[in-house]
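Numbering (this note's numbering), first residue to last: 3 to 301.
Where is the CB? At the ideal position from N, CA and C, for every residue including glycine.
Here is the structure:
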């Protein structure tokens, strides 16, 4: 078997639907992905690992820093027309990653998925609460963000900074010829159309039937002790148990169990207003950049 390199990438944003998009596209007969969804190769080579944030080690351990190891992820995928990977921190670290990706892989198609930055910020917070990593309230987490990132915590702790899309997207638009920007809201409400557009963008059969019935990587607060234990990324026994279950139970079943075991929370009005004001200028810049009406993000 020969090793292949990716000829397209999903680069982010985090908690904006990258996981769902990965599992949707992975079903296509002409699209191949490695089992490791987020190799983070093009960001890891520039990062100071391990990170210092709570539970960051549980994510850092999957980061691939060696080129040969990275190529081995794609071993056996040469028969696919399109080969990709999905690392959402590539968008966050755009200054470091965009040029390196182009230098290494060429002017490949790039897919960016964005989400209302207010909801994305709260979803990132609830994701970390789900995994027993975030001990603070959302407002406290927002206030602590700058210090945490300066102390080399993982990018996921950037609740606000992770949603400042305009410069992130601009970097990729300026670096690559073919960039497809989609919105998580449209992927969720008009899934078949968006997936068909992505398939066309990748020049594969756009009429391929994709199962989109499973919610991927849900956020929320665990409803029971068992869910809280299994989702805890600070407990080695929990991590080992979770990895074992992932090896014997299909992902779609685990996702369904997880979604039923999590209680959804909503952002408070004061925090929503705070973030609305914070993101207002950047949303306007992004709207001009993409020539799209994004005013609903401020509602």
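Shown here, residue 114 sits in a strand according to DSSP, grouped into three states.
Put simply, the stretch 120-129 does not touch the stretch 72-91. Fewer than three CB pairs are less than 8 Å apart.
For residue 285, the enclosing alpha helix (DSSP H) has its first and last residue at 271-292.
By the Cβ rule, the stretch 104-124 counts as touching the stretch 167-178, because three or more pairs are nearer than 8 Å. Between residue 13 and residue 102, the gap from beta carbon to beta carbon reaches 7 Å or more. Apart from the 5 residues on each side of it in sequence, residue 56 sits with its Cβ closer than 6 Å to the Cβ of 135 in its chain, given in chain order. For residue 101, the secondary structure class from DSSP, reduced to helix, strand or coil, is helix. The C-alpha of residue 174 lies about 33 Å from the C-alpha of residue 272.
Check the Cα spacing between residue 191 and each of 105, 19, 15 and 78: the tightest is with 19. The beta carbon of residue 296 lies closer than 7 Å to those of 285, 288 and 289 in the same chain, with the five residues before and after it left out. The Cβ atoms of residue 176 and residue 53 lie no closer than 7 Å to each other. In this structure, residue 139 and residue 91 do not form a Cβ contact; the two beta carbons are roughly 25 Å apart against a cut-off of 8 Å.
For residue 84, the three-state secondary structure derived from DSSP is strand. Counting the other Cβ atoms within 10 Å of the Cβ of residue 122 gives 16 or more, which makes it buried. If you look at residue 196, you'll find it in the alpha helix (DSSP H) that goes 193-203. Closest by C-alpha distance to residue 49, out of 66, 270, 281 and 29, is 66. Inter-segment contact for the stretch 139-149 and the stretch 37-44 is absent: fewer than three beta-carbon pairs are separated by less than 8 Å. For residue 121, the uninterrupted alpha helix (DSSP H) run begins and ends at 119-132, by DSSP.
Between residue 31 and the set 210, 193, 76 and 51, the nearest pair of CA atoms involves 210. In terms of Cβ geometry, residue 119 and residue 281 form a close pair [threshold 7 Å]. Look at residue 56 here: in three-state DSSP terms it is coil, with no helix or strand label. Relative to the Cα of residue 189, the nearest Cα in the group 6, 24, 267 and 7 belongs to 24. Straight through space, the alpha carbons of residue 198 and residue 205 are spaced by roughly 10 Å.
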